[in-house]
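Visitor: Dropping a structure here in structure tokens format, bear with me for questions.
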Amino acid sequence: MMIIKSDSDIRLMRKAGAVAAGALQAAGEAICPGMSTKELDKIVENYIRSHGARPSFKGYGGFPASACISVNEVVIHGIPSDKIILKEGDIVSVDVGAYLGGFHGDTANTFPVGNVSPEAMQLIEVTRESLRRVEEILKGGIRLGDIGHCVESYVQQFGYSPVKDFVGHGVGRALHEDPNIPNYGRPGHGLRLPKGATVAIEPMINQGTDRVIVSNEDGWTVTTADGKLSAHYEHTFFIDDDRGYILTTV
Ligand code: MG
Numbered sequence: 004m005m006i007i008k009s010d011s012d013i014r015l016m017r018k019a020g021a022v023a024a025g026a027l028q029a030a031g032e033a034i035c036p037g038m039s040t041k042e043l044d045k046i047v048e049n050y051i052r053s054h055g056a057r058p059s060f061k062g063y064g065g066f067p068a069s070a071c072i073s074v075n076e077v078v079i080h081g082i083p084s085d086k087i088i089l090k091e092g093d094i095v096s097v098d099v100g101a102y103l104g105g106f107h108g109d110t111a112n113t114f115p116v117g118n119v120s121p122e123a124m125q126l127i128e129v130t131r132e133s134l135r136r137v138e139e140i141l142k143g144g145i146r147l148g149d150i151g152h153c154v155e156s157y158v159q160q161f162g163y164s165p166v167k168d169f170v171g172h173g174v175g176r177a178l179h180e181d182p183n184i185p186n187y188g189r190p191g192h193g194l195r196l197p198k199g200a201t202v203a204i205e206p207m208i209n210q211g212t213d214r215v216i217v218s219n220e221d222g223w224t225v226t227t228a229d230g231k232l233s234a235h236y237e238h239t240f241f242i243d244d245d246r247g248y249i250l251t252t253v
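Numbering (our numbering), first residue to last: 4 to 253.
Here's what the structure looks like:
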């Protein structure tokens, strides 16, 4: 069941969203070659806690860290580790959730580590642009098929594939609420998002195949089946009558 938010809910969600966005920005500014993903996670956690919030992901389903940090062929749910050292030319996706005032904010970004190849930079830019294009069409009554088609049709022009096994979601008092929001779909089909819906829209875009593998070892890490790169952008939005508003902004 989709949960519609009140104006006061939205005010609170903006505050949670601002903390998540600030933590993500702090992570982005700190990223450099030689840093471990564990150090990066610490920066995210410190930012969130120093702003009176709590990391949404820590302990969620047993996840052991504050941020999901996913390098290169890792699509999502990378577990921060002192053994994973960022190096020049990597791309790193950082996914952050902050819980404040009874609500969650959920946001992600893929950052280049130093200078990256033109191919890697293009994947990052196309993924970011796919989310921006969704932002442009959001409004009360939009269908999930239109959102999915917007992402899929754009990224396919570059030979990229949206991941199908993992999707966006409603977000609010719970980190994951209904409905699921796929990054593929048929225009004019699917559920309509009403005014007052709050949703995390998160294109996960692979350079090659859309097929992904979940690690048997840790049960979390999702990688591309072909070992090619993947990028991830996410914002939490509030759906109003005539447009969507990003809630995960500083
Ligand atoms: Mg999410």
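Even glycine gets a Cβ: it sits at the ideal position worked out from N, Cα and C.
Helix, strand or coil for M16, going by three-state DSSP, please let me know.
Guide: DSSP places M16 in helix when its eight states are reduced to three.
Visitor: Name the DSSP beta bridge partners of R246, please?
Guide: BP columns for R246 are empty, so no partner.
Visitor: On a Cα-Cα basis, can you pick out the residue from L134, A24 and P67 that is closest to G247?
Guide: Here the closest residue by C-alpha is L134.
Visitor: Quick one: is M16 buried, meaning 16 or more other Cβ sit within 10 Å of its Cβ, or exposed?
Guide: Buried.
Visitor: I think T113 touches Y236, with their Cβ atoms under 8 angstroms apart; what is that distance to the nearest whole Å?
Guide: Contact flag correct, Cβ pair sits at about 7 angstroms.
Visitor: Which residue spans inside the segment 154 to 223 form an unbroken beta strand (DSSP E) run of at least 3?
Guide: Complete beta strand (DSSP E) runs here, min 3: 171 to 173, 180 to 184, 201 to 204, 207 to 209 and 215 to 217.
Visitor: Would you verify that the beta carbon of G171 is, or is not, closer than 8 angstroms to some beta carbon of chain C?
Guide: The structure shown has no chain C; it contains just one protein chain.
Visitor: Take every Cβ of the segment 227 to 245, pair it with every Cβ of the segment 116 to 129, and state whether three or more of those distances are shorter than 8 angstroms.
Guide: Result yes; three or more Cβ-Cβ pairs closer than 8 angstroms.
Visitor: I'd like to check one pair, V78 with V137: are the Cβ atoms closer than 8 angstroms?
Guide: In this structure, V78 does not lie closer than 8 angstroms to V137 by Cβ.
Visitor: Tell me whether D98 sits in a helix, a strand or coil according to DSSP, three-state version.
Guide: D98 falls in the strand class under three-state DSSP.
Visitor: Check this for me: beta carbons of P206 and N183, under 8 angstroms apart or not?
Guide: Cβ distance not < 8 angstroms, so P206 and N183 don't count as in contact.
Visitor: Please state if the CB of H107 and the CB of V174 are separated by a distance shorter than 8 angstroms.
Guide: It is a contact, given that the beta carbons lie within the stated cut-off.
Visitor: With respect to 7 angstroms, is the separation between the Cβ of H172 and the closest non-hydrogen atom of the ligand MG below this value?
Guide: The answer is yes for H172.
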